[in-house]
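J.: To convert, count from 1 in the sequence shown and add 44; that's this note's numbering.
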Amino acid sequence: VQLQASGGGLVQAGGSLRLSCAASGIMFNRYNMNWYRQAPGKQRELVAGITSGGNTNFAGSVKGRFTISRDNAKNTVYLQMNSLKAEDTAVYSCNAYRLYFGNKNDYWGQGTQVTVSS
45 VQLQASGGGL VQAGGSLRLS CAASGIMFNR YNMNWYRQAP GKQRELVAGI
95 TSGGNTNFAG SVKGRFTISR DNAKNTVYLQ MNSLKAEDTA VYSCNAYRLY
145 FGNKNDYWGQ GTQVTVSS
């Protein structure tokens, strides 16, 4: 299983970035997909999630600024980040999760650095 995240970088406050996470080795359309982030000295937090059925949820700190979407044909999940703030600076990682008849499948990709300059 591989989850390959990309799209991070350096952006000024108020700018936008789109992260992508391409999955392989799983039945992508059956997995819930999540984006997490971890800033230096802080705990990892869930930023946004999208279920296999397309339902979405967001952390309060990003609601209205970030959107999450998925393209099952491309086995890819996206995180569109707008109106970025310095406090969005973190390493962003994607996660694929499925609970199937009591068995948990939980996979992580490597992170991509997002740095927002104020």
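Don't be surprised by glycine CBs; every beta carbon is placed ideally from N, CA and C.
1. Grab the span of the beta strand (DSSP E) containing GLN48 for me, first residue to last.
2. Using only the alpha-carbon positions, how far apart do ASP115 and GLY59 sit?
3. For VAL55, which residues from the same chain have a beta carbon less than 8 Å from its beta carbon, with the 5 sequence-adjacent residues on both sides left out?
4. Please look up how many angstroms separate the CB atoms of ALA49 and LEU63, rounded, as I've assumed it's under 8 Å.
5. Apart from the five residues just before and just after SER96, which ones in its own chain have a Cβ nearer than 8 Å to its Cβ?
6. Going straight from the alpha carbon of ASN101 to that of ALA92, what length do you get?
7. If we count the other Cβ atoms within 10 Å of its Cβ and call it buried at 16 or more, is ASP150 buried or exposed?
8. Have a look at THR156 and LEU47 and give me their C-alpha separation to the nearest angstrom.
9. How would you write the range of the beta strand (DSSP E) that VAL135 sits in, first residue to last?
10. Measuring alpha carbon to alpha carbon, tell me which residue in CYS138, GLY146, ARG88 is nearest THR120.
11. Considering only the beta carbon of each residue, do TYR136 and ARG88 sit closer than 7 Å?
T.: Reading from the atomic positions:
1. 46-50
2. 24 Å
3. LEU61, LEU128, VAL158, THR159, VAL160, SER161
4. 6 Å
5. ASN73, ARG74, TYR75, ASN76, ARG142
6. 6 Å
7. exposed
8. 11 Å
9. 134-144
10. CYS138
11. no
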